[in-house]
Amino acid sequence: MKIEARLFELLTAFFFLAGVIYTLCTAFTSHGVEWVGVVGMYFSAGLTLIAGTYFRFVARRVEIRPEDYEDADIEDGAGELGFFSPHSWWPILLAASAAMFAIGFATGNIWFCIFAAACIISAAAGMVFEYHVGPEKH
């Protein structure tokens with residue numbers, strides 16, 4: 548996790564520095580400071596700071612991974628990476644519900660958006676609780 552934290556911290560520094568430079572470059576134009584770009588740069592710096600802080604926080608609490616060693620071999624990362632459900636239909640339903648919401652939002656159909664939001668919540672709940680009910684329950 549230290550590598551990810553460093554990456555986001557470098558991105559934070561880049562966006563902050565780019566925001567300062569952008570502010571100075573647009574301040575001396577005839578139209579003045581271009582605030583949308585300035586705010587976008589600083590918000591990007593803030594978002595990468597949040598992600599970097601999270602990864603730095605988690606890196607202190609988890610065991611060291613092979614990715615964190617400078618002289619790690621490929622074999623050091625071998626083994627089980629996690630459990631991925633091979634037969635789940637819930638991600639497809641969640642994507643279809645999100646597409647329905649986007650269509651409803653784009654067309655301005657509020658009732659369709661509300662129905663699609665309910666479908667999104669149902670599909671997300673189904674995906675979360677998939678292995679807590681039914682024959683797959685351990």
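So for the sequence shown, the numbering used here puts the first residue at 548; every next one is plus one. Where is the CB? At the ideal position from N, CA and C, for every residue including glycine.
The beta-carbon separation of LEU640 and ALA664, rounded to 14 Å, does not stay under the 8 Å limit for a contact.
In the structure shown, GLY629 adopts coil according to DSSP, grouped into three states. Rounded to the nearest angstrom, the Cβ distance from ALA606 to THR559 is 16 Å, too far for a contact under 8 Å. In the three-state reduction of the DSSP assignment, GLY579 falls in the coil class, being assigned neither a helical nor a strand state. Each of PRO613, ASP615 and MET647 was checked against the Cα of ILE661, and the nearest Cα belongs to MET647.
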